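**Q** Can you read through this structure? Questions will come right after.
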Amino acid sequence: MKSKPRVELSRPVSDEVRKTTCYMCACRCGIDVHIKDGKIRYIEGNRDHPVNRGVLCAKGSAGIMQHYAPARLRAPLLRTGPRGSGEFKEISWDEALGIAAGWLAEVRANDPRKLAFFTGRDQSQSLTGFWAQQFGTPNYAAHGGFCSVNMAAAGIMTIGGAFWEFGAPDWDRTKLFIMFGVAEDHDSNPLKMGIAKVKKNGARFVSVNPVRTGYSAVADNWIGIRPGTDGLLILAVVHELLKARKIDVDYLMRYSNAPWLVIDAPGTSEHGLFARDADGKPLVFETVTERVVPKGTAGARPALSGSYTLQDGRKVTPSFELLATKYLDAKYAPDAVASETGVSADTIRGLASEIARTAFDEAIFIDQPWTDMNGERHEGYVGRPVSFHAMRGLSAHSNGFQTARALHMLQVLIGAVDCPGAFRFEPPYPKPVEAHPTPHGRAEHFGSNKPLAGPHLGFPRGPEDLLVDADGKPQRIDKAFSWDAPISAHGLMHMVIANAHAGDPYPIDVLFLYMANMAWNSSMNTAGVIKMLEDKDPATGVYKIPRIIYSDAYASETVAYADLILPDTTYLERHDCISMLDRPISEPDAVQDAIRWPVVEPDRDVRGFQSVMLDLGVRLSLPGFVDHRGKGLYTDYADYIVRHERRPGIGPLAGFRGANGDKTGRGAVNPDQLKRYIENGSFFSAHIPLEAQFFKHANKDYQDFAVRMGFFDTPQPVTFQLYSETLQKFRLSADGLREPFAPETHRQRIRETFDPLPDWYRPFEEAAVERAKFPYHAITQRPAAMYHSWGSMNAWLRQIHTTNPLYVPGPICDEHGLKDGDWVYLISSHGRIKVEIARMEAVNSSTIWTWNAIGKRKGAWSLDTDAPEAKKGFLMNHLINELLPPKGDGMRWSNSDPVTGQAAWYDLRVRIEKAEAAERSEPAFGKIAEPGGRRTHPDELRYGQEWAK
Amino acid sequence: MTSLPAQEPTRKLGLVIDLDVCVGCHACVISCKEWNTGGYGAALSDQDPYGADVSGTFLNRVHTFEVIPEGGEIVGEAGEARIVHFPKSCLHCEDAPCVTVCPTGASYKRTEDGIVLVDEDMCIGCGLCAWACPYGAREMDLAAGVMKKCTLCVDRIYNETIQEIDRVPSCVRTCPANARHYGDLADPQSDVSLMVAARGGIDLMPEQGTRPVNKYLPPRPRKPLAADTGQLLLAENTEGATGFFAWLDGVLERL
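Right, dumping it as structure tokens:
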């Protein structure tokens, strides 16, 4: 009997497909949005898109519920109740922009420093940075300081690029993939696709992470390391490789500063710096003719070890001699680091052995001749198929910068940067430090009603580039680029509110934030930050931070603490560009960027933040935003994306330039550019020729390609900086040998942490607190189905993670008599939380953890006040202070990396105590009202019921 | 009481799920919800969607288990404790107890491809099928009062209005880890059958006698890093830097 055809099998899915770019996380996948009856029917991955090739994660597929969430803001809001009450009145855009422009104009005229403008998960930093520069405040940055600046700064300073947005593993060719501490909500589809390829190809996947969830769960080998000791593990691997002579000497000689001669003159201002010729070119010792020549001299065969004397009598040594001597020391032997790292010596030896075997015994060769920057022709590309990837697990420690440097050093030692099978750069990277600006923000860089003299953010080459005054005091509100955090290339957003509240280094008038939940999960010491935002000057009754402007699309906790809200659109209602001027979506083989466009029109009185910035730019008559008569240059962000030129012929988008849309990289403005992008699936891709695809740091064809594309105006090859002269300059300042001298207060810390060779030291909090009193680590992990605090307002995603238990390792449970469902106090030197636990075995035995940002404030995100997220959900943030415990030196140091200022989220040390059972986690906070009035909270959703057949 | 097809379906369409690469990201769970809430039959409702007791109908869920292999040492970093992410939806059993238990004939197994479906017009929402299914793969939609289950995206796989390459279940198309595969398990030469043969694919709970069409691929065997230490032979028997630099000079000579 044949079944009756009871099913309609070929119903059209939708009326129309609109292709745009996802923004449910920072992955930037291509999506096909199916529109039916004017509503979103279905969102799927774009098969043609180079980032995701058709796949899409849970967040991306849940875009419908994000787009229609009740938590969406509906209109501009002006605060009517006290801060934190959530009481606002809706106002018109004209009124809102008038108020904002009034506040900002006053600051710009009187003292531009009094505006602190910081953005969160912003994908338009080339616009927001440009705006801030034209406004003239020195106080601008995005959120990198509390995200992964250690990774970015260490990568750029060592190899000219970092992981993720600067490069990717060569997934198709790699034979050993080693991943350190990666957040599962970032770059997640490319990583999942890559891991699947690695496993299908029979390659080995090793994951180093204290917690074995997500990616680590499918790893061939999981190394459940003790948090904050990754650097020591890496240096032990380096020790083993040196001992076994498993390094790529030819690669080191050609592409790194291993042969550069370091001056050996203790007690002088030159000690530890590179010897240079009259043109400033570093010198090497040529072994055939036995003389000192500038690096890059044709035919030179430079020494990597030995001691030499320059003609002027100065003693010098190749930097590699210092490197090898350092890491061959027995203190880096696997047996010596096993107990500190929690990784057995045999596992470390096995890891080193696998790296060596794969890099050298399984080397690959691609038969493609290429030419290097010295004009030397190579027959093909030699590949060392060992690839690495790392992110916040390394980064969010106070030793993270040095740890990330150590990892990059390991890559270079085995010749595994931008070769087949290894980590490969994505254009516009690699980019040497010299091609980045130095920071701007000293007193001479700004003034009343004028733009800042140059970009805010950059890389100081030495202490002379710091943004400090004559007394060595910080100039920026976040104290970035000061002696506290000299190479804080992304600023220190996590210090802004605390510093502004304390008036240290000075008070501010306006705090302007975009898309960063600083009154909740994006701040350390959340309860303290809330108090700072609520705190008033007792004499005047004015808030210590007088005016707060905030832009967000959703009713986050931070909305309740702002005075003026500029409501943003959802990601499906806006224009955006994922720009070559910022962080594009390039792949190792292709130059790529992308756009978003309104695939549905807003049904509320909201505006895309970038268009609002352009409007404010006109109201403030900022150069670059108005013509000489004060008339606005751009109608909105879409217009800016097309017509703005940063340099002649170079704009936000690289594709479809020129009058006919046939120019790439450089080209005249094309009025039809956005149309061309939309027709192409909202992205653009241009392939790199095969002779330019590898060794980009030293490949002449690539460098010429980069100039043609407009990344640079002249070739910018990179020599890998294993030994960092910049760090040594800071040490000389700390030793009082080279001007400017470091303040006495900072000298010891700089001496201990600015080693010019990658180094490991115990994270600051662990070093500061009594280990016996706080014997465990506490960290967070990112669930793959949520992105930061986004997700709880999403009816589908919140069903996956409605609450977050505290996961406690079995041995700790046994020691404290704890079982699933028990309640505990988790106590740090700063605070205490009371939460419910779950037992877990697949975790480092001293590491307690929970999911990040599931806990919500009562009333926020348009959830009911008894929602589990607000009742049982909790934040680890309450245990983490933005300051380190007092050391008795009279200073209060930021809880950050001493080099970059990166927030040291994962340095947290805790103890655990059993508590009485409860219904609600602690600390609990008062309810906040829904901004602009209560939304309709449906009792039931039946999305798509009208289409049921 | 409803009958299964008298003859075995000639095609047995189903899923093969690779537990070696599933990272538990829930992409398949949400994509399934999204496709099916506007597709076959009644919407997949959510109750108290922004409140305390949120719940909803899902046709596919991922369960996460912590597994300690027998003999594995149960201590954190030194041990073998593992997390297994286990996606689960209707397995389109050949001997589907959910069909035979159905009092109205609403539940049925298709002769042409073996897909188990519910005719929602005939479903009285009695819930017997959910009770009979040993896998817990059926979910009663509280708003519609009818039983919902995986349809293998029957309204995608035969849908001539979409590209041929996209005529696969939504969960398969979206899976970022390539852990989900779809095909005809009656054809021994199909990609999915070959995969099952090569990787030792297994039935879920075979003792239940349901003969599921869907198969699971077990995690590949793993070899500890510590087992590889012997491969790193020291070039020379020197511990310190002096021997290293002598070696280095030799290498540079040869370059």
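Chains A and B, in that order, give the protein sequences.
In this text, residue positions in the first sequence follow this note's numbering: the first is 35, and each later residue adds one.
In this text, residue positions in the second sequence follow this note's numbering: the first is 9, and each later residue adds one.
Cβ atoms here follow ideal geometry from the backbone N, Cα and C, with glycine treated the same way.
These numbers come from a predicted model, not from an experiment.
Residues bridged to lysine 565 of chain A by DSSP?
**A** Partner(s): none; lysine 565 of chain A has no beta bridge.
**Q** Flag leucine 317 of chain A as yes if its beta-carbon sits less than 9 Å from any beta-carbon of chain B, otherwise no.
**A** Answer no: the Cβ-Cβ gap between leucine 317 of chain A and chain B never drops below 9 Å.
**Q** Roughly how many angstroms lie between the CA atoms of arginine 279 of chain A and arginine 954 of chain A, to the nearest whole one?
**A** Rounded to the nearest angstrom, the two C-alpha atoms are 58 Å apart.
**Q** List the residues of chain A that tryptophan 255 of chain B touches, going by C-beta distances under 9 Å, in chain order.
**A** Those within 9 Å of tryptophan 255 of chain B in chain A are Arg279.
**Q** Please say whether proline 965 of chain A and leucine 43 of chain A have beta carbons closer to each other than 9 Å?
**A** Cβ distance not < 9 Å, so leucine 43 of chain A and proline 965 of chain A don't count as in contact.
**Q** My understanding is that isoleucine 962 of chain A touches alanine 894 of chain A, with C-beta atoms under 8 Å, so please give their C-beta distance in whole angstroms.
**A** Correct: roughly 6 Å between the Cβ atoms.
**Q** On a Cα-Cα basis, can you pick out the residue from A/Asp219, A/Leu90, A/Pro104 and A/Ala292 that is closest to glutamine 755 of chain A?
**A** When only C-alpha atoms are compared, the closest one is A/Ala292.
**Q** Should histidine 721 of chain A be labelled buried (16 or more other beta-carbon atoms within 10 Å of its own) or exposed?
**A** By the neighbour-count rule (16 or more Cβ atoms within 10 Å), histidine 721 of chain A is not buried but exposed.
**Q** To the nearest angstrom, how far is it from the Cα of glycine 475 of chain A to the Cα of alanine 139 of chain A?
**A** For glycine 475 of chain A and alanine 139 of chain A, the distance between alpha carbons rounds to 19 Å.
**Q** Quickly, what does DSSP pair glutamine 815 of chain A with across the bridge? List them, please.
**A** BP columns for glutamine 815 of chain A point to A/Trp885.
**Q** Determine which residues of the segment 843–877 of chain A have a Cβ less than 8 Å from any Cβ of chain B, and write them out in chain order.
**A** Here the close residues are Pro843, Gly844, Pro845, Met874, Glu875, Ala876 and Val877.
**Q** How is the beta strand (DSSP E) around glutamate 74 of chain B delimited, first residue to last?
**A** Run containing glutamate 74 of chain B: 68–75, per the beta strand (DSSP E) assignment.
**Q** Taking DSSP as the reference, what is the three-state secondary structure of leucine 269 of chain A?
**A** Three-state result, leucine 269 of chain A: helix.
**Q** In chain order, what are the residue ranges of uninterrupted beta strand (DSSP E) at least 3 long that sit wholly in the segment 181–238 of chain A?
**A** Correct list: 201–203 and 210–214.
**Q** Please report the distance separating the alpha-carbon of valine 109 of chain B from that of alanine 140 of chain B.
**A** Between valine 109 of chain B and alanine 140 of chain B, the C-alpha separation is close to 7 Å.
**Q** Just checking: is the beta-carbon of glutamate 42 of chain B within a distance shorter than 9 Å of some beta-carbon in chain A?
**A** Closer than 9 Å to some Cβ of chain A, the Cβ of glutamate 42 of chain B qualifies, so yes.
**Q** Can you tell which of A/Leu444, A/Arg691 and A/Leu909 has the C-alpha that lies nearest to the C-alpha of leucine 269 of chain A?
**A** Nearest C-alpha to leucine 269 of chain A: A/Leu444.
**Q** Let me know the secondary structure DSSP gives methionine 614 of chain A once reduced to three states.
**A** If DSSP states are grouped into helix, strand and coil, methionine 614 of chain A belongs with coil.
**Q** In chain A, which residues lie less than 8 Å from glutamate 74 of chain B when you measure between Cβ atoms?
**A** Going along chain A in sequence order, the residues near glutamate 74 of chain B (Cβ under 8 Å) are Met874, Glu875 and Ala876.
**Q** Which residues, in order along the segment 139–169 of chain B, keep a beta-carbon less than 7 Å from a beta-carbon of chain A?
**A** Residues passing the 7 Å Cβ filter: Ala151, Val162, Asp163, Tyr166, Asn167, Glu168 and Thr169.
**Q** Between which two residues does the beta strand (DSSP E) carrying asparagine 255 of chain A extend?
**A** 255–257 is the extent of the beta strand (DSSP E) around asparagine 255 of chain A.
**Q** Who does histidine 93 of chain B pair with in a DSSP beta bridge?
**A** Answer is B/Thr72.
**Q** Among all the DSSP beta bridges, which residues are the ones paired with asparagine 733 of chain A?
**A** Paired residue(s): A/Asp406.
**Q** Below 8 Å on the Cβ atoms is my contact criterion, and I expect glycine 22 of chain B with histidine 100 of chain B to pass it. Report the Cβ-Cβ distance as a whole number of Å.
**A** About 5 Å; that satisfies the 8 Å criterion.
**Q** How about tyrosine 711 of chain A and phenylalanine 745 of chain A: are their beta carbons less than 9 Å apart?
**A** It is not a contact, given that the beta carbons lie outside the stated cut-off.
**Q** May I ask you to verify whether the segment 566–585 of chain A touches the segment 914–928 of chain A, counting CB pairs closer than 8 Å and requiring at least 3?
**A** Verdict: no, contact absent.
**Q** Using a C-beta cutoff of 9 Å, does asparagine 186 of chain B count as contacting chain A?
**A** True, the Cβ-Cβ gap to chain A drops below 9 Å.
**Q** From this set, A/Arg681, A/Arg677, A/Gly978 and A/Tyr588, which residue's C-alpha is nearest valine 640 of chain A's C-alpha?
**A** Comparing Cα-Cα distances from valine 640 of chain A to each of A/Arg681, A/Arg677, A/Gly978 and A/Tyr588, the minimum goes to A/Tyr588.
**Q** Can you find a CB in chain A that lies within less than 9 Å of the CB of glutamine 197 of chain B?
**A** No, its Cβ sits nowhere closer than 9 Å to a Cβ of chain A.
**Q** Near valine 327 of chain A, which residues of its chain fall below 6 Å by C-beta distance, leaving aside the five closest residues on each side in sequence?
**A** Once the five neighbours on either side are set aside, the close Cβ partners of valine 327 of chain A are Glu320 and Ala334.
**Q** Using 8 Å as the threshold, is the segment 662–669 of chain A in touch with the segment 688–706 of chain A, meaning 3 or more CB pairs across them?
**A** Contact fails: fewer than three Cβ-Cβ distances are below 8 Å.
**Q** Inspect the beta-carbon positions of lysine 209 of chain A and alanine 253 of chain A and report whether they are closer than 9 Å.
**A** Taking 9 Å as the Cβ cut-off, lysine 209 of chain A and alanine 253 of chain A do not qualify as a contacting pair.
**Q** Using the Cβ count rule (16 or more neighbours within 10 Å means buried), how would you classify phenylalanine 435 of chain A?
**A** Answer is buried; the Cβ neighbour count reaches 16.
**Q** What first and last residue would you give for the alpha helix (DSSP H) that runs through tryptophan 857 of chain A?
**A** Note, tryptophan 857 of chain A: premise wrong, no alpha helix (DSSP H); beta strand (DSSP E) at 857–861.
**Q** With DSSP collapsed to three states, give me the class of lysine 20 of chain B.
**A** Coil.
**Q** Which partner residues does leucine 112 of chain A have in the DSSP bridge list?
**A** Answer by DSSP bridge pairing, in chain order: A/Lys123 and A/Leu598.
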